[in-house]
Structure formats: C-alpha cells, structure tokens
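Chains as they are written, first to last, in the working numbering: chain C, 1 to 278; chain D, 279 to 672.
The beta carbon of each residue, even a glycine, is placed where N, CA and C say it ideally should be.
Fair warning: this is a prediction, and the values are worked out from it, not measured in the lab.
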Amino acid sequence: MKELKILLILVVVVLVGYWGIEPYAHSVMHGEVKKPDYNYSDLKTTAATTGDPAKGKELFVANCASCHGLKNDGINPGMDKNAAITSFNVVPPDLSNIAAILDHKFLAAFIKNPQQATENPKFAMPPMAQLSDEDVGHIIAYLSSVAKKNLDGKEITIEACGRCHSIKYQKIYAETPAENLKAYLGKVPPDLSVMGKAKELEYLETFINNPQNGLPGTSMPRLGLTKESTEKVVAYLDQIADPHREQRNKLGMWVIGYLVVMAGLTFAWKKKIWKNIH
Amino acid sequence: MKFMDWLDERLAVRQLIKVMLTEYYVPKNINFLWSFGVLIMVVFAILVVSGIFLLMYYKPDSHLAFDSVNKTIMMDVEYGWLFRHTHAVAASIMFLVLYVHMARGIYYGSFKAPREIVWITGYILFILMAATAFTGYLLPWGQMSYWAAQTITTLFEKIPFIGPDLVVWIRGNYIVEDATLTRFFALHVVFLPLLLIVFTGIHLYAVRIVGSNNEDGIELTKEEKKHGKGIPFWPVFMAKEFFVISVFLIFFFYLVFYQYKFAMDPINFTPADYLQTPTHIYPEWYFLAFYEVLRGFFFSQNLGLIAFVLSMFIAAFLPWLDTSPIRSGNHRPLYKILFFIFVADFVFLTILGKLPPTGLYAWLGFAGSLVYFAFFFALPIISRIEKKKLEGGR
Chain C
1 MKELKILLIL VVVVLVGYWG IEPYAHSVMH GEVKKPDYNY SDLKTTAATT
51 GDPAKGKELF VANCASCHGL KNDGINPGMD KNAAITSFNV VPPDLSNIAA
101 ILDHKFLAAF IKNPQQATEN PKFAMPPMAQ LSDEDVGHII AYLSSVAKKN
151 LDGKEITIEA CGRCHSIKYQ KIYAETPAEN LKAYLGKVPP DLSVMGKAKE
201 LEYLETFINN PQNGLPGTSM PRLGLTKEST EKVVAYLDQI ADPHREQRNK
251 LGMWVIGYLV VMAGLTFAWK KKIWKNIH
Chain D
279 MKFMDWLDER LAVRQLIKVM LTEYYVPKNI NFLWSFGVLI MVVFAILVVS
329 GIFLLMYYKP DSHLAFDSVN KTIMMDVEYG WLFRHTHAVA ASIMFLVLYV
379 HMARGIYYGS FKAPREIVWI TGYILFILMA ATAFTGYLLP WGQMSYWAAQ
429 TITTLFEKIP FIGPDLVVWI RGNYIVEDAT LTRFFALHVV FLPLLLIVFT
479 GIHLYAVRIV GSNNEDGIEL TKEEKKHGKG IPFWPVFMAK EFFVISVFLI
529 FFFYLVFYQY KFAMDPINFT PADYLQTPTH IYPEWYFLAF YEVLRGFFFS
579 QNLGLIAFVL SMFIAAFLPW LDTSPIRSGN HRPLYKILFF IFVADFVFLT
629 ILGKLPPTGL YAWLGFAGSL VYFAFFFALP IISRIEKKKL EGGR
C-alpha cells in the first residue's frame with residue numbers, strides 16, 4: 001500500500017510535468033491554428049467558373065500558351081524552360097491537370113488577379129485583364145475537360161509544390177534552379193522530405209490552404225488547392241516522412257506483449273522468493 | 279561444477295559472489311524507489327547498445343549528419359528507426375530516473391555522513407550525463423540541435439577575461455559549425471561515456487562500503503542486516519528489482535513505439551541553418567528548470583548566469599548544508615514540507631522553462647528561482663531547529 005502511494009505521487013508529478021511541457025507549452029507557443037477556408041471566401045470575383053470548353057481552348061491558345069504548356073492536349077509552351085527561368089526566375093507550370101487540383105472559384109479569381117489570389121504581390125504571372133468574366137469561365141471549362149481525374153497524393157504534390165520545393169529523400173527535385181528561386185522568393189524554399197515530422201499535420205493543412213495564416217509574411221504564394229487535394233498532399237507528406245509507421249505499430253505490440261508476460265513471470269518469482277520474508 | 283572450481287582457484291569467484299551478491303545485505307525497510315539505481319544502469323546499457331548501432335551509420339559532418347540520421351538511419355537501414363527512437367527516448371528517460379534517484383536520496387537523507395562520497399560521485403555522474411546529453415543533442419544537426427548548442431556555448435562568453443576566447447575554443451570556430459560537431463561527437467561517444475563508467479565504478483564501490491540507506495534513516499550494522507533487518511542483494515533484492523525493471527520497460531517501450539515525440543522535437547526535423555533563428559529556442563525538458571533559473575533573473579543577464587551555475591551545482595553541497603542529526607525525511611516534519619515545495623517548484627520551473635519569458639511568466643520564473651534557492655538556504659536553519667529540539671528532548 002505504501003509503495004502504491006509513492007508510485008501515485010510519482011505518476012502525478014510526471015503527468016503534471018508532461019502536461020506542462022507538451023500540450024500546454026505547445027498551445028501557448030503556437031496559439032490556435034486557424035481553420036482552413038476551402039471556399040476562399042475572401043476572394044470576391046464576378047468571373048464565371050464554367051462555360052464552353054471549345055471556346056476555352058481557343059482562348060487558352062491565344063492568351064496562355066505563350067508561357068504555359070498543356071501536355072494532355074498536345075500544346076507546348078511558346079517559351080522554352082530556360083527562357084522562362086531567365087525572365088521569371090520560376091518555371092511556368094504545365095496546366096494539364098491544374099483544374100483537377102485547384103478550386104475553380106480560386107482559379108477564376110487567380111486568372112483575373114494572380115497577385116491578389118496568391119496574396120503574393122511579387123507573383124510572376126501578370127493579371128489577365130483582357131479576359132472577360134465569360135472568357136475565364138470558358139478557359140476553366142476547357143482546363144476541366146482535359147484534366148486527369150483521381151490524381152494521387154504524390155502526383156498532386158509534384159504538380160502543386162514541385163516547381164519550387166524538392167523532396168530529395170524521394171529523389172524529387174524542384175523544377176526551378178535554387179538560385180533563381182532565391183532571386184524570386186528571397187530564399188530557397190525548404191525541402192519537403194521530412195516536413196510531415198517537422199510540422200503538425202493540422203498546421204500543414206492550414207498553411208497550404210493559406211500560407212499567410214501559418215507564417216505571416218512568407219513569400220510562398222497561396223495555391224488555392226481544393227480540400228481533397230490539400231488532404232492528399234498532407235497525407236503524402238506524412239507518409240513519406242514516416243514510412244515505417246505500420247512496422248512500428250506492429251512491432252510495438254509484440255514488444256509490449258512480451259514485456260507484460262515478463263512482468264508476470266518476474267512478479268511470480270518475486271512472490272516465491274519473498275514468501276518467507278517479513 | 280568443475281569449471282567453477284577452476285575459476286575459483288584463479289579468480290576467487292565464490293568469495294566475490296558472496297561479497298558482492300549473496301552476503302551483501304540491503305536493509306529490508308526500503309521501497310521501490312531504491313530500485314532506481316539499477317534502473318539507471320539498465321537505461322545506460324540501453325543507451326550504449328543503441329548508440330553503438332547508430333554509430334555504424336551516423337556521419338559526423340555538417341553536410342552529411344542530418345541526412346545520415348533522418349534518411350539513412352530512419353528510412354533505409356532495417357530497424358534503424360527503432361535504434362534512434364530507443365536512443366532518443368532513453369536519453370530523455372535517463373534524466374527521469376536520475377531525478378527520481380536523486381530526489382529519493384534527498385528525501386531520505388542518503389547524502390548524509392557517511393555517504394558523502396556516494397552523493398558527490400553521484401552528482402558528478404549527473405553533471406557528466408548532462409554533458410553527454412548536451413553534446414549528443416547536437417549530432418542530428420537539426421535546427422534545435424544547432425541553436426541549443428549556439429545558445430548554451432554563448433553563455434561562456436560572460437566569464438570574465440577569458441570568456442570570448444573560451445567560446446571560440448569550445449566551438450572550434452566563431453560560430454557553431456562543422457568543427458563543433460566533430461568535437462562534440464568525440465566527446466559524446468568516447469570521452470564522456472568513459473568518464474561515466476569510471477565514476478559509476480567509484481559510486482558503486484562507495485555504496486558497497488557504506489551500504490544502502492533506508493526509509494527510517496537509521497544506520498544498521500552488517501550483523502543487524504544479516505539477522506532479520508536486511509535482505510541479501512541476491513536473490514532477494516534482485517527478485518523484486520527484476521519485477522520493477524519489467525514494469526519500467528513496459529513504460530519505456532510504450533514511449534519508444536507510441537509516444538516518442540516528447541524526445542524528438544519537431545523543430546529538429548528542419549536542418550540546421552545558421553541564418554535562421556527558430557522563433558522558440560528551448561533545451562530538452564530535463565534542462566528546463568535550470569534554464570528557467572537562467573532566464574528567471576530577467577533584469578540582469580550576469581545575475582541570471584551566476585544563478586544558473588549555482589542552481590546546477592548547489593545540490594552537490596547538500597551534505598554540508600543540511601547538518602541535522604536526523605536523516606530521513608519521514609522523521610523530519612519541517613524538512614518534509616520543504617522537500618515537497620522544492621519538488622513542486624522544480625516541476626513548476628520545468629514547465630515555465632518552455633514558455634515564452636514575457637509578462638507574467640517572467641515574474642513567475644523569478645519567483646520560482648527564488649523558491650529553488652530558498653530550499654537550500656533554509657536547510658542550515660531547519661538543521662539548527664532540529665538540533666535544538668533534539669537536545670531539548672533529552
């Protein structure tokens with residue numbers, strides 16, 4: 001009984017300490033993580049989000065293809081990669097699947113005013129002021145019609161992050177050279193190999209949804225990913241950062257099971273040895 | 279038994295077993311807190327074994343260290359993650375068992391005569407273990423590794439006259455860099471463990487000479503222990519010890535597999551970057567109380583530094599601060615109250631140590647630091663009160 005009392009004191013002291021240095025300290029240091037907003041409700045746009053894909057293709061070729069390619073439909077960009085890097089310090093993305101991973105309302109607002117939508121005043125793409133609200137709808141309809149459906153987490157991550165971020169443990173390297181990114185964004189964006197461990201997943205989701213909510217002042221643009229794409233990206237980053245989770249959970253059960261048996265046996269032995277003592 | 283005879287002729291093993299185990303008596307009135315010394319040995323063994331395996335793949339080079347830990351060991355090597363988790367959690371838990379072991383010594387007065395050498399060598403072991411943990415923490419070369427080392431080594435700058443030169447000498451560079459990593463590596467894997475083993479030897483030898491203290495703090499002769507008031511170390515004491523170890527290991531491996539995050543800070547999964555200071559820099563939990571004393575004197579850096587050094591070493595002088603003739607806290611009502619205030623204050627300082635040192639937290643840290651020292655400075659006073667009471671009772 002006396003020993004159990006001592007154990008109880010010990011457990012209480014340890015738990016109070018643990019509560020203080022883990023959950024409590026983290027809540028004080030990081031504050032409340034803002035909830036992601038997948039409606040992008042701060043963006044007010046009158047631009048349409050759907051229309052006629054055929055018209056959209058014409059508009060795309062006339063307005064977008066000088067910088068952006070669209071491999072799914074055999075369209076090559078008007079400017080080669082090196083020329084683009086020299087002019088923008090970043091590679092313009094191929095837009096084959098963009099409509100599958102971005103929210104369409106965001107996309108419409110983005111085409112009209114990329115700087116506002118991304119919350120990055122230095123964003124490389126100029127606003128497409130010449131396009132009418134209907135034109136934007138046609139383009140989005142076209143992009144949706146060519147986009148591959150059901151992309152997996154890795155594909156979305158490469159599409160959404162791969163122009164600037166490397167994931168070197170997966171042998172994925174940023175499309176844009178580091179020195180250009182530094183000129184464009186002020187610093188080389190971090191490698192994402194173990195980002196799933198460096199940040200809480202909840203934080204990552206909020207951050208990807210709107211970087212300014214996680215790290216005010218960051219030069220990372222808002223991407224406008226849909227809820228589904230964001231979750232797939234976070235799940236992918238989590239999985240590559242901790243590839244042995246399943247093995248760990250399984251082995252843990254065996255080890256703890258073994259030790260429970262050992263505790264039973266050692267307890268029985270102690271009882272036997274101590275029978276005649278007292 | 280022929281082999282035993284052969285060995286006995288050459289090494290006197292039978293005599294050794296008698297002296298060390300079967301006829302070495304520990305008091306009967308001790309509780310499971312007396313098991314923590316052996317638990318420390320268990321955790322130390324776990325650290326050495328897991329450390330050797332990590333050593334096989336770790337690269338002590340500022341360009342390779344982070345990837346060798348987070349890619350090679352954590353992802354590529356079969357069960358490499360298990361050894362890293364085990365090593366990290368064991369390093370953290372080492373301090374939990376150390377603190378319990380020390381707190382037991384403080385409460386039951388195990389530092390008092392004739393056990394001063396036991397206490398002092400134990401305290402040296404604690405400091406050595408702290409140095410081992412500190413040097414080891416730099417090795418993964420993450421952001422927290424880097425900035426913890428940068429911050430702590432900067433403290434030496436304040437030492438009069440030699441400070442600035444000393445910092446450069448410790449780091450091997452003007453900032454924490456590759457040279458710092460390789461020398462910390464050398465200290466962590468060779469020099470400090472060697473010293474730990476030597477002092478563990480002296481510590482255990484001293485315990486064998488003076489024997490274990492007990493709950494009542496009343497000295498027992500060997501004869502008393504042999505006839506009823508004691509139990510032989512083997513097999514009786516160790517039978518209980520094995521059960522305690524088993525229960526401890528359940529807890530330990532639960533942490534290794536399912537609750538390891540407290541020992542592997544998320545910030546440390548970002549590679550070290552000397553251009554980017556993290557928003558919050560804090561040491562591992564086991565240094566937080568001392569760190570909070572350093573920050574507690576927020577109005578004067580120099581005072582904070584003096585208080586920090588004093589807080590780390592003052593407990594070593596317990597045998598001379600507490601001169602009360604009564605040994606065990608069980609029989610010292612005043613001391614008992616002080617002891618539990620001290621424990622609560624230590625936990626309080628630990629929690630504050632991780633919080634931002636601003637506003638109310640800064641003042642609480644100051645108050646907590648004063649309470650910390652008040653415990654030690656109250657000891658001579660209550661010793662006198664107890665002495666007087668004892669003389670008055672006669």
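- Name, going along the chain, the residues of the region 330 to 351 of chain D whose beta-carbon falls closer than 7 Å to a beta-carbon of chain C. Within the region 330 to 351 of chain D, the qualifying residues are N348, K349.
- Of the choices D:A645, D:H365, D:R605, whose alpha-carbon is the least far from that of E493 of chain D? D:R605
- How is L102 of chain C classed by DSSP in three states: helix, strand or coil? strand
- Query: Can the beta-carbon of I240 of chain C be found less than 8 Å from the beta-carbon of L225 of chain C?
  - Reply: no
- Y536 of chain D, buried or exposed, once every other Cβ within 10 Å from all chains shown has been counted against 16: exposed
- What residues are listed by DSSP as bridge partners for L225 of chain C? C:L102
- Item | Three-state secondary structure (DSSP) of I496 of chain D | coil
- Message: Going by DSSP, what residue range makes up the beta strand (DSSP E) through Y258 of chain C?
- Response: Per DSSP, Y258 of chain C lies in no beta strand (DSSP E); the unbroken alpha helix (DSSP H) holding it starts and ends at 245 to 274.
- Task: Return the chain-ordered ranges of every alpha helix (DSSP H) run that is complete within the region 358 to 427 of chain D and spans a minimum of 4 residues.
- Result: 358 to 385, 394 to 416, all fully within the region 358 to 427 of chain D.
- Message: Can you give me the C-alpha to C-alpha distance between V291 of chain D and E301 of chain D, rounded to a whole angstrom?
- Response: In a straight line, the C-alpha of V291 of chain D is about 13 Å away from that of E301 of chain D.
- Message: Can you tell me which residues form a DSSP beta bridge with I351 of chain D?
- Response: Looking at the DSSP output, I351 of chain D shares a beta bridge with no other residue.
- If you measure from the beta carbon of V16 of chain C to each beta carbon in chain D, is any gap under 8 Å? yes
- I140 of chain C classed as buried or exposed, judged by whether at least 16 other C-beta atoms fall within 10 angstroms: The residue is buried, with at least 16 neighbouring Cβ atoms inside 10 Å.
- Query: If we ignore side chains and look at the alpha-carbon of each, how far apart do H481 of chain D and P190 of chain C end up?
  - Reply: 48 Å
- Could you please give the first and the last residue of the uninterrupted alpha helix (DSSP H) stretch that includes I208 of chain C? 201 to 209
- Message: Determine whether the beta carbon atoms of D443 of chain D and D339 of chain D lie at a separation below 8 Å.
- Response: no
- Task: Taking A427 of chain D as the reference, give the member of D:K503, D:F531, D:D345, D:A411 with the closest Cα.
- Result: D:A411
- Query: Listed from N- to C-terminal order along the chain, which residues in the region 628 to 645 of chain D have their beta-carbon within a distance smaller than 9 Å of any beta-carbon of chain C?
  - Reply: T628, I629, L630, G631, K632, L633, P634, Y639
- Item | Cβ-based burial, H379 of chain D [other Cβ within 10 Å; buried from 16] | Counting the other CB atoms within 10 Å of its CB gives H379 of chain D a total of 16 or more, which places it among the buried residues.
- Excluding the five sequence neighbours on either side, which residues of its own chain have a C-beta within less than 7 Å of the C-beta of F515 of chain D, listed in chain order? Contacts found: V304, I509.
- How would you label G217 of chain C, buried or exposed, when you count the other beta carbons within 10 angstroms and need 16 or more for buried? Burial check for G217 of chain C: the Cβ neighbour count within 10 Å stays below 16, so the residue is exposed.
- Message: Taking the alpha-carbon of R245 of chain C as reference, which of C:K197, C:L185, C:N276 has the nearest alpha-carbon?
- Response: C:K197
- Query: Name the chain D residues whose beta carbon is nearer than 7 Å to that of Y169 of chain C?
  - Reply: What Y169 of chain C touches in chain D: K349, M353.
- Step through the CB atoms of chain D and report whether any lies within less than 8 Å of the CB of V260 of chain C. Yes, because at least one Cβ of chain D sits closer than 8 Å to the Cβ of V260 of chain C.
- Message: For a contact defined as C-beta to C-beta under 8 Å, what are the partners of V514 of chain D on chain C?
- Response: I273, W274, I277, listed in chain order.
- Residue-level contact to chain D via CB, G252 of chain C, 8 Å cutoff: yes
- Message: On the DSSP bridge list, what partners appear for L70 of chain C?
- Response: C:I75
- Message: Taking 6 Å as the limit between beta carbons, can you name the residues of its chain near Y38 of chain C, skipping five residues before and five after?
- Response: K227
- Message: For chain D, check one thing: does any of its Cβ atoms lie closer than 8 Å to the Cβ of V28 of chain C?
- Response: yes
- Nearest-angstrom Cβ-Cβ length linking V454 of chain D and T431 of chain D, presumed shorter than 8 Å: 7 Å
- Go to G450 of chain D, then tell me how far its alpha helix (DSSP H) extends in each direction, as first and last residue. Run containing G450 of chain D: none; DSSP gives neither H nor E here.
- Message: Quick check on DSSP: helix, strand or coil for Y560 of chain D?
- Response: Note: Y560 of chain D maps to coil in three-state DSSP.
- Note the first and the last residue of the continuous beta strand (DSSP E) segment covering L510 of chain D. As written in the sequence, residue 510 of chain D is Pro, which differs from the Leu given in the question. Per DSSP, P510 of chain D belongs to the beta strand (DSSP E) from 508 to 510.
- Item | chain C residues whose Cβ lies nearer than 7 Å to that of Y536 of chain D | Within chain C, the residues G252 have their CB atoms less than 7 Å from the CB of Y536 of chain D, given in chain order.
- Item | Same chain, Cβ closer than 6 Å to L317 of chain D, neighbours up to 5 away in sequence not counted | Annotation for L317 of chain D: V375, F526 place their beta carbon closer than 6 Å to its own, counting only its chain and skipping 5 residues before and after.
- Query: Should W419 of chain D go down as buried or exposed, given a rule of 16 or more other Cβ atoms within 10 Å for buried?
  - Reply: buried
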